[in-house]
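**Student:**
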């Protein structure tokens, strides 16, 4: 409601990968997200920032229909991926999630070996036709997850035995292994120490060469470091959306300014 | 926006990037089919579980409902002084000398007369065969009446006498004309007479109160068998369990939950309790037989022994429930009481225990319900014996022989006459109704006093 | 005086002590309760406990020890000649007990007085007939020595009971007096009463240990007794079970173990897949409404007594399997069979497996589910490849618990499996189990003198060890599993 349509023109330089129009989310009778319009560019890192409970995670989970697993959650409006409505009844959320992967706040490796963790996605989606191909995918994904050198000698040990930062990179590698087009990250560094956080941030920067990355974060510094575009959410509204530099140096909305200067949130 | 042309009909994996979301590919279709199959298997399993429950209950209900109805014959019996009180003295001891055998001719005469009076064709049967339609229990019924009312001798009294088991079975569908033709105990002629008497209003089927009050009966008279002694015996055992298991269980839980230090001995007790909860019930029966009966010399078949065995068996259940209830009381309550200077013991007995009471009682009721349905240990301590006398009032009655509901059921299933299967199923309905009441009570307690901290 | 009345008297004394103690406490401070260390009720409580508890304790110990001591004394006095050939002392002692009981019965109905008894001797009077008159049937004529033993047994019992009454009442009164005399304003009555209560609480929690000890000791003792009469090697390694009343029985436990394991296996084959699928469906798929209806309904199955399942096997499932499966295929013709018992037991175990698995599946963190869905897995893929492997140890524990239930189950096999000890692979044949044989060898029998009866204890011990082992293992696995997610 506060965003201006003109703003869009200013930022639409690259391809738009995903876009949301009039997106509303309800939990039972409570409205968690109000009228969000947003465009997510391809091969770009987009950061969602805002105070706790502002709806940024909820909105993120709409982008690959993870909210479908919550029975009382209802989504209205349209969200498209490459121009196709992802809430169309014909769309299978399973196929959608193969294209829009997700990494969660807490590292959640499956209680399987490192290899099987990575191979899980490719296996269920049938991406490998032979054992050798699968091995290749696992290696490639672990390399992309910047974890290969650390674990290549113990691929068949349980993934739960890794350190927190390694676990989170394992989860990222696991998400990357299914070759998604968009990667959603829900506060991926909030459970990690500063060194692990730096590693993950570096990784995100590399990932944007191949994927469009959307990251929800509590840390404004992190948003400033890794993202090219930033959206500021407040009380379920998208208050402001634009180039990261512009949001942090020259916010248009007073609430954005209050938030980044530390007066609210 | 939906008509963006994409070419991706059967592209291999790497080309998946260009596929439209709106087309479901073969692999996804297969995976979704597997998903549907798996979900179907789950719902089938639930349905099997529910069907098993329904099948179990219907089987018992279908077999047992008829035991709540019983066929009676209404007869005018002339209490002939020539047979019952030969010298006319009215001396009760002499009247008591006349055994049930002496009452048989009276019934036979009354039965023949009733058949004739109602204009029923006697089908050419002898008088004895006609009298056989009445239960062999009937003479005892009349004798008891005469001994209670000796002044009625010489009068004609109307009795509602039990019809024989096969006649009763005929009206419950267990006996048919065809089976009667092959049956030594009943003939189609008798059944025809019964039908005529029923039309005449002499014979009818009505609610079977005696089923709840009468004692067990011998193998040849299923129609007279009732649950009186068994219900009383079970009630006595539940009394013992309640009196012993509840205080013991609560005391043990209070110690373990509130006072016990963390050491190997407490661990030992806890491991012990959780293992006792899983010891097969029959092992408790062996314990009861070896310790209470053989060693301590308590009588067999007595509710006290059954009660003790069931107490030991129920104790772990009650302890586990009580500890859960105590644990649910928040520490803030304890801290508040301790903070105003109450001792630990006062805190527990004045504050924690009352708050945990609904949970404790719920656990106790569930433990009792479990004890009420338990059969195996009672078989070993001799409760399966044939008992016809009601136990006396407690506490002496606790040492008298008695039966118990589940054991009576088992006992009936081992007998030959199929009428006992009906009785056993009926007794199960009674048992299940008791259990249902107890569980509803537990649910009400929990609902009413449930606290959210 | 009987134990019940004695207990009531002791309780009465204790109550009296309570009242007196309160009065006395008030009296020592001239009615000003504030001067007392504790509230008056605590003085009462203390005296009550001191009066009742030691008295009851002594009574319990007395009741426990008296039978042992008396039996020993009487047994010593029975001459070797009174023991019939081929018999043994325990049989004679049981006769002694029964004769003593018979004499009591005769006293009760007035046909015998104490004075008469004194002059009564086995060789003069027809004891056997008179005992039969009060319902005590003896196998043989009573020898004078046994009759004398019975008389002295009875006498010692009477003396013992009298002595106990005196001691217990004396103790109660003494303790009451002592406690009352100690009451003063500075007596720390609350602390004393509370530590007393605490020791009672500890005592209550020891009942569980005493029960286990009772089980283990009685099983071990009688099993040891059994192996004195019957070679252990035959019990463990003989493949036949054929008890004879006249001795010369074959008591190999192998056929019983086989039957037990076979029935349990069938039960688990029924219960595990169905129970597990129910748990999965209710935990992962079912809506709130379905769950709130189906879950309690399935759990009703767990609340139904086993006798009901037994009857179900006997009158419904057994005949059905015989008429529709066994006879058409010609594999069997009895309604009791391994399949009947296994099937019905399987139904009984369904709620057991399903509710335990339900708990375990719910304990798997949501993060793992999210992780899998986020990668585009379907729900069934998530369950089969993530949730079940994560829950596996817990589910294995649940299955072991169910197996231990199955092995110890009695009524269903008594009524559904049959009584023939056989080692066959055909599930449509009747076979028998350890529990069935415990029941049949022990029902109504209290004279543990023959190997045919005593074998039940050896079987009981086998059963106890089996189920205990399974339980300990299962609890260990489940506990380890819980720790993993806490």
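Chains as they are written, first to last, in our numbering: chain A, 1163 to 1427; chain B, 2 to 454; chain C, 23 to 508.
Cβ atoms here follow ideal geometry from the backbone N, Cα and C, with glycine treated the same way.
So which of B:113, B:385, B:289 has the shortest CA-CA distance to residue 75 (chain B)?
**Tutor:** B:113
**Student:** So, helix, strand or coil for residue 426 (chain B), using DSSP?
**Tutor:** helix
**Student:** Look at residue 277 (chain B) and residue 230 (chain C) and say whether their C-beta atoms are less than 8 Å apart.
**Tutor:** yes
**Student:** I'd like to know whether the C-beta of residue 227 (chain C) is nearer than 8 Å to at least one C-beta of chain F.
**Tutor:** Here chain F cannot be found, since the structure's protein chains are A, B and C.
**Student:** If you measure between the beta carbons of residue 1321 (chain A) and residue 1354 (chain A), is that distance less than 8 Å?
**Tutor:** No, Cβ-Cβ distance for residue 1321 (chain A) and residue 1354 (chain A) is not below 8 Å.
**Student:** Between which two residues does the beta strand (DSSP E) carrying residue 1184 (chain A) extend?
**Tutor:** 1178-1189
**Student:** Over the uninterrupted alpha helix (DSSP H) stretch that includes residue 169 (chain C), give me the two end residues.
**Tutor:** 166-203
**Student:** Give me, in chain order, the residues of the same chain whose beta-carbon lies closer than 7 Å to that of residue 1435 (chain A); leave out the 5 immediate sequence neighbours on both sides.
**Tutor:** Residue 1435 (chain A) lies beyond the stretch modelled for chain A, which goes from 1163 to 1427, so this question has no answer here.
**Student:** Give me the residue from C:462, C:266, C:476, C:94 with the minimum Cα distance to residue 247 (chain C).
**Tutor:** C:476
**Student:** Please determine, among C:179, C:141, C:227, C:293, the residue with the shortest C-alpha to C-alpha distance to residue 86 (chain C).
**Tutor:** C:179
**Student:** Name the DSSP beta bridge partners of residue 293 (chain B), please?
**Tutor:** For residue 293 (chain B), which the question treats as bridged, DSSP gives no partner whatsoever.
**Student:** Just list the residues that DSSP pairs residue 142 (chain B) with in beta bridges.
**Tutor:** Beta-bridge pairing links residue 142 (chain B) to no other residue.
**Student:** Any beta carbon of chain C sitting closer than 8 Å to that of residue 33 (chain B)?
**Tutor:** yes
**Student:** What does DSSP give as the partner residue(s) for residue 1235 (chain A) in the beta ladder?
**Tutor:** A:1189
**Student:** In chain A, what lies closer than 8 Å to residue 316 (chain C) by C-beta?
**Tutor:** The premise fails here: residue 316 (chain C) is roughly 17 Å from chain A at the closest Cβ pair, so nothing lies under 8 Å.
**Student:** If you follow the alpha helix (DSSP H) that residue 249 (chain C) is in, where does it begin and where does it stop?
**Tutor:** 211-251
**Student:** With a CB to CB cut of under 6 Å and the five nearest residues on each side skipped, what residues in its chain are close to residue 1201 (chain A)?
**Tutor:** 1178, 1181
**Student:** Quick one: which chain B residues come within Cβ less than 7 Å of residue 1370 (chain A)?
**Tutor:** Residues of chain B passing the Cβ test: none, with the nearest at roughly 17 Å.
**Student:** Under 6 Å Cβ to Cβ from residue 144 (chain B), same chain only, skipping five residues before and after it: list those, please.
**Tutor:** 101, 104
**Student:** Could you give the residue range of the beta strand (DSSP E) that holds residue 73 (chain B)?
**Tutor:** Taken as a continuous stretch (DSSP letters only), the beta strand (DSSP E) holding residue 73 (chain B) covers 70-79.
**Student:** Which ranges does the alpha helix (DSSP H) cover as unbroken runs of at least 4 residues, wholly within the region 379-404 of chain C, from first to last along the chain?
**Tutor:** 388-396, 401-404
**Student:** Under the rule that 16 or more other beta-carbon atoms within 10 Å means buried, what is residue 453 (chain C), buried or exposed?
**Tutor:** Under this definition residue 453 (chain C) is a buried residue.
**Student:** Based on the DSSP output, what are the partners of residue 1403 (chain A) in its beta bridges?
**Tutor:** A:1393
**Student:** Measuring only between beta-carbons, confirm whether residue 398 (chain C) sits less than 8 Å from chain A.
**Tutor:** yes
**Student:** Going along the region 402-415 of chain C in order, which residues come within less than 8 Å of chain A, judged by CB to CB distance?
**Tutor:** 403, 407, 408, 411, 412
**Student:** By Cβ distance below 7 Å, which residues in the same chain neighbour residue 243 (chain C) in space, the five residues on each side in sequence not counted?
**Tutor:** Around residue 243 (chain C): no qualifying Cβ.
**Student:** From the DSSP output, which residues share a beta bridge with residue 264 (chain C)?
**Tutor:** C:272
**Student:** Fully enclosed by the region 82-146 of chain B, which alpha helix (DSSP H) runs are 4 residues long or longer?
**Tutor:** 82-85, 93-98, 101-118, 128-132
**Student:** Any beta-carbon of chain C closer than 8 Å to the one on residue 1260 (chain A)?
**Tutor:** yes
**Student:** Look at the Cβ atom of residue 250 (chain B), then the Cβ atom of residue 319 (chain B), and state whether they are nearer than 8 Å.
**Tutor:** yes
**Student:** Taking the C-alpha atoms as reference points, what is the distance between residue 1390 (chain A) and residue 24 (chain B)?
**Tutor:** 33 Å
**Student:** Can you pull the DSSP bridge partners for residue 286 (chain C)?
**Tutor:** DSSP output for residue 286 (chain C) lists no bridge partner at all.
**Student:** Given a cut-off of 8 Å on the beta-carbon distance, is the pair residue 253 (chain B) and residue 227 (chain C) in contact?
**Tutor:** Between residue 253 (chain B) and residue 227 (chain C), the CB-CB gap stays under 8 Å.
**Student:** Select from the region 403-430 of chain B all residues with a C-beta closer than 8 Å to any C-beta belonging to chain C, and list them in chain order.
**Tutor:** Listed in sequence order: 407, 410, 411, 414, 422, 425, 426, 429.
**Student:** Taking a contact to mean a Cβ-Cβ separation below 8 Å, would you say residue 245 (chain C) touches residue 483 (chain C) in this structure?
**Tutor:** yes
**Student:** Are the beta-carbon atoms belonging to residue 310 (chain B) and residue 237 (chain C) less than 8 Å from one another?
**Tutor:** no
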